[in-house]
Amino acid sequence: MSKRAVILSTAVVFCFFVVIARLAGIMLLDHERLSKRARLQQSLKKDMEVARGVIYDRKGRLLAVNIECDSLYCEPRKISSPADAARTLSLYAGIEYADAVKALSSDKGFAWLKRKLDPVAAERIKGLEMDGIGFRPELKRVYPKAMLGSHVVGAVGVDNQPLEAVELSYDEELRRPGGAVVVFRDAGGRRLSDGTDTYIKGNDIVLTIDEALQFFVEAALDDAVTKWRPSHATAVVMDPYTGEILALVNRPAFDPNRPSAYAVSERRNRAITDLFEPGSTFKLVMAAAALEEGIVNPQTRFDCSKGSIKAGKWVIHDDHRQGVLTFTEVIQMSSNVGSVMTGFKLGPERLRRYAARLGFGEPTGIDLPGEAKGRISTGRSEADTAVLSIGYGVAVNAVQVLRAYSAVANGGVLVTPHVVSEVRTPEGDTVFSFKPETVRRAISERTAGILKEILISVTDGAGTAPMAAVDGNRVAGKTGTAKMHSPEGYSGDKYASTFVGFVPADNPKLAIIVVLYEPKGAHYGGTVSAPVFREIAEKSLAYLNVPREDLFTFAAAGGN
Amino acid sequence: MIYRGIEKMLSYFVKAILVVLIISGVFGLVYLRSSITAVEYRIGKLEEEKAKALREKKSLIAERASALSIQEVEVRGIRLAGLGFPDRKNFLYVKREGGRLYYASVRGEPIDEQKGGNP
């Protein structure tokens with residue numbers, strides 16, 4: 084072999100040796116550090132996108148869904164002319180020029196310009212291909228029925244954080260914990276997918292609300308609000324046997340698609356957060372206690388001819404002077420004098436005991452946030468007993484009153500009001516299903532039956548609420564007209580006008596309460612709220628296909 | 654001699670096969686790896702398309718829910734088309750009592766089979 088060949092061979096072998104040594108160094112000695120570096124370059128840790136569960140009404144109609152939106156951001160360091168960019172963006176995306184300039188001129192690497200942009204605006208801005216301007220997809224909560232049922236469904240904020248109602252009280256179910264996944268990408272940043280899902284969906288929720296009933300109640304209450312111009316109003320419809328809330332409406336209300344555009348007072352669920360003195364609707368407690376304790380029967384007579392009764396330092400009047408009334412008539416005519424007389428016979432302790440048994444002074448347990456439990460006065464004086472008998476000295480929320488009347492409707496049992504009937508996984512498996520629970524027996528079945536008949540008399544021609552009567556079905560209920568209390572004392576012209584009852588009285592399907600606060604033009608519950616009750620009841624009974632009871636029946640063959 | 658010749662030939666043959674196998678194995682691995690990468694690209698692309706379709710679907714579902722709301726029924730069906738919600742005054746209830754058929758109309762107009770009534 085020539086000398087040159089030897090040198091060449093040696094050089095080649097040496098080169099190979101160097102290459103092999105380098106490879107060995109990379110693969111054996113420096114393996115860990117380099118593979119870690121490669122992993123960092125090729126992989127990306129991505130937060131799992133969490134989609135809140137869908138909210139349905141009791142018939143599967145959508146009340147809250149998610150859509151994907153683009154959020155507009157900027158990288159200020161890449162923007163050459165913030166003023167020009169701000170002008171364009173304020174024109175296309177509706178961003179305030181000053182806000183846009185501020186964001187675009189900042190020294191940060193990233194700044195949001197507008198979250199969850201309108202899709203049309205997003206497409207238009209994308210078409211401009213502006214440097215330093217980008218889009219990031221985000222999930223946006225959408226409420227397709229807008230204001231309908233907003234106080235039950237609730238709302239979320241810009242980061243999908245829960246703000247109100249079911250969205251808040253069932254947040255843990257609606258939004259499961261997300262975590263993160265590792266995705267791989269190539270040198271160009273393109274994602275190499277192994278098929279792993281990068282999003283997670285929360286559980287779906289089925290409400291007890293019925294969209295149609297909710298609409299009827301909202302429409303009826305809106306008409307009443309237009310007519311009587313109250314400061315605020317509430318109406319709730321419940322199944323008296325199960326406690327399922329079928330509709331819950333407050334006015335003012337809010338559009339959950341734009342919660343920040345409304346004041347907190349408009350977003351408040353007044354049906355459970357606002358306490359008021361129930362006035363005559365609370366006479367149910369006095370009546371239930373008196374009947375249950377055997378102090379009176381429906382025919383017991385009371386001399387109410389004086390038109391007033393002295394109770395300690397107070398003199399309590401009837402709105403209209405009555406004569407001698409039976410106990411049934413005391414409730415039918417809503418006589419304060421007769422009620423106070425009965426209250427005196429009962430005494431404060433028994434009155435309070437029955438108020439507590441009927442669920443006053445304790446939370447109803449409704450599965451919505453912010454319920455106020457109310458209060459029953461603890462005074463023992465004659466005046467305290469008298470005012471308690473006619474529904475003063477006690478603070479209640481509308482759902483508490485409705486629950487007490489539901490107890491009469493269902494034969495004496497206190498139920499737990501609720502708005503969620505089922506929680507399901509995204510795959511459709513049931514996680515939780517509400518089973519009607521009896522809190523306790525509040526009154527005997529016999530007393531409930533007697534009370535029902537007395538309450539039916541309220542809506543006949545001689546009672547205080549003939550305007551609550553429904554064509555074709557008997558209605559049991561009670562009016563309430565209570566002076567509103569303020570730090571200065573009782574107002575002379577501000578009232579809470581209430582009607583609460585159930586229908587059909589003989590086989591109750593719906594328990595309904597309507598409360599209008601500070602109505603203008605009239606203030607009696609029988610004038611202001613009872614017609615709203617009738618409107619709701621008539622439409623709801625037709626919708627639920629509840630037959631009329633005044634059927635014209637006759638035999639088919641040789642008909643009578 | 655002949656036996657040794659055959660043995661030598663076989664040895665070469667086996668070696669050649671081994672070399673071919675090793676080379677094709679290496680290329681196979683490279684091919685497989687690139688195929689996986691290609692599939693991952695394809696999945697990534699399909700996922701992008703799926704995400705777009707899902708995005709569209711979500712928007713359409715929300716739009717449909719809004720269009721099917723009872724408020725829309727009120728506006729389009731009742732105010733524009735002159736339809737109405739069911740009125741119980743116009744309902745006809747049929748009731749069976751004591752094994753015999755009894756008919757009833759809330760309008761107070763009993764349906765009489767003999768007069769051609771059709772409950």
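Protein chains in written order, with this note's numbering: chain X, 84 to 643; chain U, 654 to 772. Cβ coordinates follow ideal geometry from the N, Cα and C atoms, glycine included.
If I measure Cβ to Cβ from residue i and keep anything under 6 Å in the same chain, skipping five residues before and after, which residues do I get?
{"i": "Y63/X", "result": "The requested residue 63/X does not occur in the structure, where chain X is confined to residues 84 to 643."}
{"i": "F517/X", "result": "H501, S504"}
{"i": "G555/X", "result": "R631, D633"}
{"i": "F616/X", "result": "A551, F582, I595, V597"}
{"i": "K310/X", "result": "none"}
{"i": "V95/X", "result": "none"}
{"i": "Y607/X", "result": "T564"}
{"i": "E247/X", "result": "G237, A238, R350"}
{"i": "T356/X", "result": "G453, A455"}
Who are the near neighbours of residue i in its chain, counting only those whose CB is closer than 8 Å to its CB and skipping five residues on each side?
{"i": "S719/U", "result": "E725"}
{"i": "T530/X", "result": "A371, L374, E375, G495"}
{"i": "R268/X", "result": "Q125, S126, L127, R274, L275"}
Report the partner residues of residue i according to the DSSP bridge assignment.
{"i": "V477/X", "result": "I459/X"}
{"i": "P220/X", "result": "D153/X"}
{"i": "D130/X", "result": "A263/X"}
{"i": "K197/X", "result": "L155/X"}
{"i": "P245/X", "result": "V239/X"}
{"i": "K284/X", "result": "A134/X"}
{"i": "V96/X", "result": "Answer is none; V96/X lacks a bridge partner."}
{"i": "Y324/X", "result": "Its beta-bridge partners do not exist; DSSP assigns none."}
{"i": "D386/X", "result": "V407/X"}
{"i": "I585/X", "result": "Note that residue 585/X corresponds to Phe in the displayed sequence, not to Ile. A559/X, A594/X, per the DSSP bridge assignment."}
{"i": "H234/X", "result": "Looking at the DSSP assignment, H234/X forms no beta bridge with any residue, so it has no partner."}
{"i": "L331/X", "result": "V319/X"}
{"i": "F515/X", "result": "V506/X"}
{"i": "H501/X", "result": "E327/X"}
{"i": "K566/X", "result": "Y578/X"}
{"i": "I392/X", "result": "I399/X"}
{"i": "F359/X", "result": "V479/X"}
For residue i and residue j, which I take to be in contact (beta-carbon distance under 8 Å), what is that distance rounded to the nearest angstrom?
{"i": "K384/X", "j": "T364/X", "result": "Sequence inspection shows Arg at residue 384/X; the Lys mentioned does not correspond to that position. With a Cβ gap of about 24 Å, R384/X and T364/X do not count as contacting."}
{"i": "V491/X", "j": "V522/X", "result": "Contact doesn't hold; Cβ gap of about 15 Å is too wide."}
{"i": "I473/X", "j": "I399/X", "result": "7 Å"}
{"i": "S418/X", "j": "C387/X", "result": "5 Å"}
{"i": "A649/X", "j": "A466/X", "result": "This structure does not reach residue 649/X, given that chain X is present from 84 up to 643, and the question cannot be answered."}
{"i": "A478/X", "j": "L358/X", "result": "4 Å"}
{"i": "L736/U", "j": "G730/U", "result": "4 Å"}
So, at 7 Å on beta carbons, what are the nonlocal neighbours of residue i in its own chain, with the 5 sequence-adjacent residues on each side left out?
{"i": "A166/X", "result": "V184"}
{"i": "G642/X", "result": "Model confidence at G642/X stands at a pLDDT of 42, short of 50, so the residue's coordinates are unreliable; what they give is reported in the following sentence. Closer than 7 Å at the Cβ level, and outside the excluded window around G642/X, lies no residue."}
{"i": "N446/X", "result": "Reading off the sequence shown, one finds Pro at residue 446/X, where the question assumed Asn. Excluding sequence neighbours, P446/X sits near E454, K456."}
{"i": "P335/X", "result": "H315, E349"}
{"i": "R353/X", "result": "H315, T317, N333"}
{"i": "R258/X", "result": "V133, R135, G285"}
{"i": "S527/X", "result": "E375, G495"}
{"i": "N243/X", "result": "R135, L222, R224"}
{"i": "G666/U", "result": "Note that residue 666/U is Phe in the sequence shown here, rather than Gly. So no residue of the chain qualifies."}
{"i": "L296/X", "result": "V320, L329, A330, S623, Y626"}
{"i": "S92/X", "result": "none"}
Is the separation between the beta-carbon of residue i and that of residue j shorter than 7 Å?
{"i": "A625/X", "j": "F582/X", "result": "no"}
{"i": "V236/X", "j": "I619/X", "result": "no"}
{"i": "D293/X", "j": "D140/X", "result": "yes"}
{"i": "R207/X", "j": "Y180/X", "result": "no"}
{"i": "G426/X", "j": "R404/X", "result": "no"}
{"i": "G215/X", "j": "K161/X", "result": "yes"}
{"i": "A644/X", "j": "M567/X", "result": "Here chain X comprises residues numbered 84 to 643, so residue 644/X is not present and cannot be evaluated."}
{"i": "K223/X", "j": "I150/X", "result": "yes"}
{"i": "K199/X", "j": "E221/X", "result": "yes"}
{"i": "Y475/X", "j": "E360/X", "result": "yes"}
{"i": "T547/X", "j": "G609/X", "result": "yes"}
{"i": "P313/X", "j": "S489/X", "result": "no"}
Check distances from the C-beta atoms of the region 688-722 of chain U to those of chain X and list, in chain order, the residues that come in under 7 Å.
T690, E693, Y694, I696, G697, E700, R708, K711, S712, I714, A715, A718, S719, S722
Closer than 7 Å between beta carbons: that is the criterion. Which residues of the region 288-302 of chain X meet it against chain U?
E294, A295, F298
When you check each C-beta in the region 245-259 of chain X against every C-beta of chain U, which residues fall closer than 8 Å?
none
Against chain U: residues of the region 610-629 of chain X by CB proximity under 9 Å
E621, K622, L624, A625, Y626, N628, V629
Given a limit of 8 Å on CB to CB distance, which residues of the region 535-556 of chain X reach chain C?
Absence of chain C from the displayed structure is noted, the protein chains being X and U.
Check each residue of the region 212-239 of chain X: if its Cβ is closer than 7 Å to any Cβ of chain U, include it; give the result in chain order.
V225, P227, K228, L231
Check each residue of the region 150-164 of chain X: if its Cβ is closer than 7 Å to any Cβ of chain U, include it; give the result in chain order.
I150, E151
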